[in-house]
Structures are given as structure tokens and as C-alpha cells.
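Let me begin by presenting the structure, written as C-alpha cells, before commenting on it.
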Amino acid sequence: MSVWFTEKQTKSFGITGKVRRTLESEQTDFQQLEMLETEEFGNMLLLDGMVMTSEKDEFVYHEMITHIPLFTHPSPKKVLVVGGGDGGTIREVLKHPDVESVMQVEIDGKVVEYSKKHLPTISSSYGDARAELLIGDGFEHIIKSEGVYDVILVDSTEPVGPAAGLFTKGFYAGIAKALKEDGIFVAQTDNPWFKSELIKHVMRDASEVFPITRLYTCNIPTYPSGMWTFTMGSKVYDPLDVSMENISELDTKYYTPELHHASFVLPRFVNRLLDKE
Ligand code: SAM
Numbered sequence: 001m002s003v004w005f006t007e008k009q010t011k012s013f014g015i016t017g018k019v020r021r022t023l024e025s026e027q028t029d030f031q032q033l034e035m036l037e038t039e040e041f042g043n044m045l046l047l048d049g050m051v052m053t054s055e056k057d058e059f060v061y062h063e064m065i066t067h068i069p070l071f072t073h074p075s076p077k078k079v080l081v082v083g084g085g086d087g088g089t090i091r092e093v094l095k096h097p098d099v100e101s102v103m104q105v106e107i108d109g110k111v112v113e114y115s116k117k118h119l120p121t122i123s124s125s126y127g128d129a130r131a132e133l134l135i136g137d138g139f140e141h142i143i144k145s146e147g148v149y150d151v152i153l154v155d156s157t158e159p160v161g162p163a164a165g166l167f168t169k170g171f172y173a174g175i176a177k178a179l180k181e182d183g184i185f186v187a188q189t190d191n192p193w194f195k196s197e198l199i200k201h202v203m204r205d206a207s208e209v210f211p212i213t214r215l216y217t218c219n220i221p222t223y224p225s226g227m228w229t230f231t232m233g234s235k236v237y238d239p240l241d242v243s244m245e246n247i248s249e250l251d252t253k254y255y256t257p258e259l260h261h262a263s264f265v266l267p268r269f270v271n272r273l274l275d276k277e
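Residue numbers (full-length UniProt numbering): 1 to 277.
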């Protein structure tokens, strides 16, 4: 008998895939963690029934949350990652030679532990001398920080459970304080098909704190609807002003200098969400 997992996006729609075997299934202190070996996408991490990452398509999310802001900032030396326990975001951050240190604050040590065991190509940078891992609440770390970071990447779960506070205006105000005076932040903000209200409110709240706010998208097959968004807030630098000649060659599979600009071109229904037309 074959076994399938389903991530339910609404009461009547979900995304499903065939499972070869369950590698881990554990209620951690924060969430239900599942590590599955899937037929189509390799090993896959789910938290509270939601797909977090898979070996086959992880590169899209991790490259796009990282390289757009790190190529927008002219000299990203100090980077903070909130969440991101699978390690894919710090792996991409460390491809930038300007980066002197990347601090990661992940609330759930079990995500890191099982990612190291079952997602070795994603968690491959944990031993890097420039990377530091703190197990704790990203919100609390942000509130304590002032003028420290060039770039902050919010690689969190959806706004339920431990991540609920990471989608509030107070958090964006804290991020602005934790950044230097020309800092940039990017947060993953789900999809415009089923989470349009979330995207609207994050953009509204972020634009009350940051002079430049922009939404960009990418395509991720294992995430609900396939269309994923990121929200950027920036104090000085506009990603659309970045000249393609200033984007140096990196080892990527999704991100390109052309996509740096193209990912900000939004379909009409998404623009309308943002009251852009
Ligand atoms: N790429 C995924 C997505 O968008 O579906 C998210 C990656 S997953 C590794 C996100 C991580 O954020 C989880 O490991 C979770 O434990 C962590 N997280 C949630 N709330 C947090 C908080 N308040 N502080 C730090 N980490 C948090």
C-alpha cells in the first residue's frame, strides 16, 4: 500500500506527494516535525504538516531569500538569519565574499539536528568559521539588538505557533532598530493565492517602518500554489537600482542577474493586492 502526505492549504485544497519512508516523526518543544523520504523530491522536512524544504527544489527559496538582498546591499558584512534551521539560507549567505559573519537564531534545535542528519547538502555550512548558531527566539534577539546588522533574513515558518510574533508591526520596528542605518531586511511572505491578506498586511506594516518596500516572487513546486513571495524593507538601497554589471558571478541554480530585476515584476492580480493599480 502506498503512503502519501498532504499539506492542506485550505479546507478543500492541498498539495500531496508519495512517501517512500518516514525518517523522523517527533513532537518537539515547539512543533510537530516530520522528515520524509519522498519519491519525487528527495528528503523533505515538514513542520506542523507544512512543507519547509526538500532536497530537490530547496535551491529556489534559499537563493532567492538571500541573493536579492545581498546583491542590493553594496557591502553586506554582518548578516542575521531568523529561523532557517535547515541551514540552506546560511549556505547561500556564505557564498558572498563580503560577508564577515552570519548569526543564525533558530528556536528549535531539533530542526538543526535532523537537517544535519537527513539534509546534508542543505545544512552543509554549519561548520563554517563565519557562521554562529544561537538556539533561541528570533524576536527576543531582535529586540535586544541595535544598529548591528547590514542584512536581516527572516526565514521563518508560517505565522502560527512560534513564528506568530515574526509577522507583526512590532517585529518590523525591532528589525529596523537592529539594522544599521543603511540596512535591508527580507522575510518570506507565503503565496498570493491563499494568503493574500497576509501579504497585504506585511507590506502595509513594513512600509510604515521602511522607506523602500518591495515584493518579489519565485516559483517553488512543493509550496502551496507554487508561487512564493518575499517582502523586502530597505532604509536606503533600492533593489531596482542595482546595475546588472555589479552582480558578480556566483554558483547558483535559480538566481541570475536578470532575475534580480525580473522577480519584482508582478502579475496584475498581485499588484492589485498591493493597491499598485
Ligand atoms: N523555507 C520554509 C518555508 O517558508 O516554508 C521555512 C524554513 S523552516 C527551517 C523555518 C524555521 O523557523 C523553523 O525551523 C522554525 O523552528 C523557525 N522559527 C519559527 N519561529 C521562530 C522564532 N520565533 N525564532 C526563531 N526561529 C523560529
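By construction, the Cβ of each residue, glycine as well, lies at the ideal position given by its N, Cα and C atoms.
Every value quoted in this text rests on a predicted model; they were computed, and no experiment measured them.
Contacts around residue i, its chain only, beta-carbon distance under 6 Å, and the 5 residues preceding and following it disregarded
i       : result
Gly-14  : Thr-6, Glu-7, Lys-8
Lys-56  : Phe-41, Gly-42
Ser-145 : Ala-178
Val-270 : Pro-192
Spatial neighbours of residue i in its chain, beta-carbon cut-off 7 Å, leaving aside the 5 residues before and after
i       : result
Ser-123 : Asp-86, Gly-87, Ser-115, Lys-116
Pro-97  : none
Inter-residue spacing [alpha-carbon to alpha-carbon] between residue i and residue j
i           : j       : result
Gln-31      : Gly-161 : 8 Å
Phe-230     : Ala-187 : 6 Å
Gly-233     : Trp-193 : 22 Å
residue 285 : Phe-167 : Residue 285 lies beyond the residue range present for the chain, which begins at 1 and ends at 277; the question has no answer from this structure.
Thr-16      : Glu-39  : 11 Å
Pro-120     : Val-19  : 19 Å
Thr-28      : Val-111 : 9 Å
Leu-36      : Val-3   : 11 Å
Ile-184     : Gly-226 : 26 Å
Glu-249     : Lys-95  : 10 Å
Leu-266     : Met-244 : 20 Å
Glu-58      : Ser-12  : 26 Å
Gly-42      : Ser-54  : 6 Å
Val-154     : Val-79  : 11 Å
Ser-25      : Met-44  : 12 Å
Whole-Å CB distance - residue i paired with residue j, under 8 Å assumed
i       : j       : result
Ala-178 : Ile-142 : 5 Å
Thr-66  : Val-99  : At roughly 10 Å, the Cβ-Cβ gap does not stay under 8 Å, so Thr-66 and Val-99 are not in contact.
Ser-156 : Val-82  : 6 Å
His-62  : Thr-22  : Not a contact, Cβ separation roughly 24 Å.
Asp-190 : Glu-158 : 6 Å
Leu-240 : His-261 : 7 Å
Identified DSSP bridge partners for residue i
i           : result
Ala-187     : Val-154, Thr-231
Gly-22      : Reading off the sequence shown, one finds Thr at residue 22, where the question assumed Gly. According to DSSP, Thr-22 bridges with Leu-36.
residue 329 : In the structure as shown, the chain starts at 1 and stops at 277, and residue 329 therefore has no counterpart that could be examined.
Ile-90      : Note: Ile-90 sits in no beta bridge, so no partner.
Tyr-149     : Leu-179
Contacts around residue i, its chain only, beta-carbon distance under 8 Å, and the 5 residues preceding and following it disregarded
i       : result
Asp-182 : His-73, Asp-150, Lys-235, Val-236, Tyr-237
Leu-134 : Met-103, Gln-104, Val-105, Glu-106, His-141
Arg-268 : Glu-277
Proximity test, Cβ basis, 8 Å: residue i and chain D
i      : result
Gly-85 : No chain D is present in this structure, which holds just one protein chain.
- [ ] Please confirm if the stretch 42-55 is in contact with the stretch 208-216, defined as three or more CB-CB distances below 8 Å between the two stretches.
- [x] Short answer: they don't touch.
Open item on the list: Does the stretch 168-175 come into contact with the stretch 197-206, if we say contact requires no fewer than three beta-carbon pairs (one atom in each stretch) closer than 8 Å?
Closed with: Output reads yes: the stretch 197-206 touches the stretch 168-175.
- [ ] Please confirm if the stretch 65-73 is in contact with the stretch 135-151, defined as three or more CB-CB distances below 8 Å between the two stretches.
- [x] Touching, yes, given that three or more Cβ pairs across the two stretches are closer than 8 Å.
Open item on the list: Whether or not the stretch 188-203 and the stretch 248-261 are in contact is what I'm after, with contact meaning three or more pairs of Cβ atoms, one per stretch, closer than 8 Å; do they touch?
Closed with: No contact exists between the stretch 248-261 and the stretch 188-203.
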